[in-house]
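Working notes for the structure below.
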Amino acid sequence: MSDKNAKRYLPEGKYVMMGNVAMAEGALAAGLDFFGGYPITPSTEVIEYLAKRLPEVGGCCLQMEDELASINAVMGASLVGAKAMTATSGPGLSLMVETISMAANLEIPFVFCDVQRVGPGSHGPVTAPHHNDLGLIRFAGHGEFQVIALAPMNCQELYDLTITAFNFAETYRCPVFILSDAYLGHLHEPIYIPPKEEIIKKLINREVPKDDSKMYSYKNDESGKYIIPKPPIVGTDHFPLASLQLPHNNLGFPISNALMFMEVLIEKVISNIDKISMTEEYRLEDADIVIIAYGLPVRASYRAVDIARENGIKVGVFRLITVWPFPDEKVKHVVKGAKTIVIPELNYTGIIAEQVERVKKLETPIIKIPKVGEIHHPDDILNILKEVSK
Numbered sequence: 001m002s003d004k005n006a007k008r009y010l011p012e013g014k015y016v017m018m019g020n021v022a023m024a025e026g027a028l029a030a031g032l033d034f035f036g037g038y039p040i041t042p043s044t045e046v047i048e049y050l051a052k053r054l055p056e057v058g059g060c061c062l063q064m065e066d067e068l069a070s071i072n073a074v075m076g077a078s079l080v081g082a083k084a085m086t087a088t089s090g091p092g093l094s095l096m097v098e099t100i101s102m103a104a105n106l107e108i109p110f111v112f113c114d115v116q117r118v119g120p121g122s123h124g125p126v127t128a129p130h131h132n133d134l135g136l137i138r139f140a141g142h143g144e145f146q147v148i149a150l151a152p153m154n155c156q157e158l159y160d161l162t163i164t165a166f167n168f169a170e171t172y173r174c175p176v177f178i179l180s181d182a183y184l185g186h187l188h189e190p191i192y193i194p195p196k197e198e199i200i201k202k203l204i205n206r207e208v209p210k211d212d213s214k215m216y217s218y219k220n221d222e223s224g225k226y227i228i229p230k231p232p233i234v235g236t237d238h239f240p241l242a243s244l245q246l247p248h249n250n251l252g253f254p255i256s257n258a259l260m261f262m263e264v265l266i267e268k269v270i271s272n273i274d275k276i277s278m279t280e281e282y283r284l285e286d287a288d289i290v291i292i293a294y295g296l297p298v299r300a301s302y303r304a305v306d307i308a309r310e311n312g313i314k315v316g317v318f319r320l321i322t323v324w325p326f327p328d329e330k331v332k333h334v335v336k337g338a339k340t341i342v343i344p345e346l347n348y349t350g351i352i353a354e355q356v357e358r359v360k361k362l363e364t365p366i367i368k369i370p371k372v373g374e375i376h377h378p379d380d381i382l383n384i385l386k387e388v389s390k
């Protein structure tokens with residue numbers, strides 16, 4: 001390992017880090033080579049930090065003239081074999097969606113860190129949280145494709161799940177999002193950095209594909225399985241003669257069967273949901289009330305459950321770490337015996353509540369606890385639990 005590459009890994013130990021910095025360090029540990037971005041509150045610390053750290057490890061941090069240029073620079077870097085990432089907030093995401101759909105079409109791996117803030121529009125409380133981008137990234141651009149989105153609840157997970165995000169991007173060749181927010185990104189917490197040997201053995205690295213017959217994902221006619229080849233790299237013999245933003249076959253040439261093309265883009269991810277979907281169950285063994293939560297609201301949910309249990313209320317938490325693709329079957333199983341479902345979200349409409357309503361197929365009532373621009377206090381959830389348990 002070169003001296004520069006060795007600097008990617010902080011010495012093993014405990015550190016107190018800002019969330020945005022923990023996310024940046026996670027990206028470095030995952031092998032980040034290129035960051036393209038444009039400063040925007042509340043994600044600015046990511047590019048500020050990487051502007052110093054990436055050159056130290058032989059990488060490139062490039063501040064572009066705007067968000068459109070940033071995401072296109074990330075796509076170009078990934079095409080030539082770099083592990084690439086950007087970070088922004090809602091208004092920046094809005095500008096990037098066209099290129100995100102292009103990346104999905106061409107199966108270009110990259111990681112997208114979204115530090116969400118209050119919307120809509122480009123102004124407002126820019127340092128307050130709002131999980132409003134959750135719906136946008138599900139369909140982040142025209143056309144149909146499947147993204148992966150991970151929702152950390154603390155600074156440790158901002159580090160750990162960013163590494164996971166890069167592995168997912170390399171494996172499934174689709175956009176992978178880290179869903180942070182204004183509070184989590186600016187939170188300072190202790191995190192543990194494991195030994196670099198432990199990190200390295202888990203990484204999926206970018207390699208020049210050995211099989212030059214297939215460049216893009218396809219469905220095997222005999223097995224019915226979806227095959228995802230290693231990403232082709234510009235400048236190598238393996239890069240396709242055609243690389244078009246059209247429905248294409250596994251060699252990159254245009255095809256007329258657009259339906260099959262959409263099927264491959266979606267099912268290559270969905271068919272692997274058991275490997276992608278990460279969830280946690282907390283005190284659900286005998287729960288009559290099930291809280292379904294993701295991101296920051298999980299913290300208040302856990303505390304509310306502990307207090308409620310002390311008061312004899314049978315309640316537990318089902319936590320979504322992977323938000324997209326949505327784990328339909330897991331949710332069906334968890335809510336099967338529930339009398340009430342409670343869903344605290346940092347948005348008004350209840351984006352995940354809509355998904356739960358779609359899959360539960362029961363008359364179980366759903367109680368939404370919305371917050372925008374502020375976080376849930378355990379009492380916000382506890383008061384609901386006391387009311388529904390009467």
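Under the numbering used here, residue 390 is the last one in the sequence shown; the count climbs by one each step, no gaps. Built from N, CA and C at the ideal position, the CB exists for glycine as well.
Give a yes or no on whether the C-beta atoms belonging to residue i and residue j are separated by under 7 Å.
i    : j    : result
A77  : I163 : no
P109 : P11  : no
Q355 : F326 : yes
L134 : I351 : yes
I191 : M17  : yes
S94  : G143 : no
I233 : V208 : yes
H227 : Y218 : The amino acid at residue 227 is misidentified as His; the sequence shows Ile. Result yes, Cβ atoms of I227 and Y218 sit closer than 7 Å.
E107 : R173 : yes
G90  : E67  : no
P378 : A304 : yes
R299 : M153 : yes
G373 : P120 : no
L385 : I313 : yes
Q245 : N105 : yes
Looking at the unbroken alpha helix (DSSP H) that takes in residue i, where does it start and where does it end?
i    : result
G135 : D133 to R138
Y192 : It is not in any alpha helix (DSSP H) - Y192 instead sits in the beta strand (DSSP E) that spans H188 to I193.
I100 : G90 to L106
Y159 : C155 to Y172
F177 : Segment P175 to D181 is the beta strand (DSSP E) holding F177; no alpha helix (DSSP H) there.
A30  : G19 to A30
K196 : K196 to I200
Q355 : I351 to K360
V115 : No alpha helix (DSSP H) contains V115, which is instead part of the beta strand (DSSP E) from F110 to Q116.
Ignore the nearest five residues each way along the sequence and tell me which others in residue i's own chain have a CB closer than 6 Å to its CB.
i    : result
S70  : G36, G37, Y38, M64 and T86
K275 : none
G26  : Y159, T162 and I163
A353 : I343, I366 and K368
G185 : G19, N20, P42 and V115
E280 : R319
S271 : Y226
I40  : T88, S89 and G92
F34  : C60, A77, A82 and A84
N250 : K214, Y216 and Y218
Less than 7 Å between C-beta atoms, sequence neighbours within five positions excluded: which residues of the same chain meet that for residue i?
i    : result
A151 : L179, Y294, G295, L320, I321 and V323
G235 : V80
G13  : I193
A169 : P109, F110, V111 and V176
C155 : M17, G19, A22, L187, E189 and I191
A165 : V111, L150, V176 and I178
Between residue i and residue j, what straight-line distance do the alpha-carbon atoms span, to the nearest angstrom?
i    : j    : result
V388 : A103 : 46 Å
I266 : H188 : 37 Å
V331 : P55  : 44 Å
H238 : T171 : 18 Å
P195 : L203 : 13 Å
M262 : P370 : 34 Å
E48  : N72  : 20 Å
R309 : L346 : 24 Å
V118 : G58  : 36 Å
L382 : I273 : 32 Å
T340 : S223 : 42 Å
Y302 : Y282 : 8 Å
In chain order, what residues of the same chain have a beta carbon less than 8 Å from the beta carbon of residue i, not counting five sequence neighbours either side?
i    : result
N257 : P247
Y183 : A128, P129, L296 and I375
L284 : V290, G316, V317, F318 and V334
E357 : I366
Mind checking which residues open and close the beta strand (DSSP E) that includes residue i?
i    : result
A338 : Where A338 is concerned, there is no enclosing beta strand (DSSP E), given that its DSSP letter is neither H nor E.
M278 : Run containing M278: none; DSSP gives neither H nor E here.
Y9   : Premise fails: Y9 is in no beta strand (DSSP E) and is neither H nor E.
L62  : C60 to Q63
G36  : F34 to G37
K368 : I366 to P370
I'd like to know if residue i contacts chain D, where contact means its C-beta is closer than 7 Å to some C-beta of that chain.
i    : result
F139 : The structure shown has no chain D; it contains just one protein chain.
Taking 6 Å as the line, does the beta carbon of residue i fall inside it for any heavy atom of the ligand COA?
i    : result
N105 : Within the structure as shown, the ligand COA is missing, as the structure has no ligands at all.
Completely contained alpha helix (DSSP H) runs for the region 282-333, where each covers 4 or more residues
Fully enclosed alpha helix (DSSP H) runs of 4 or longer: 297-310.
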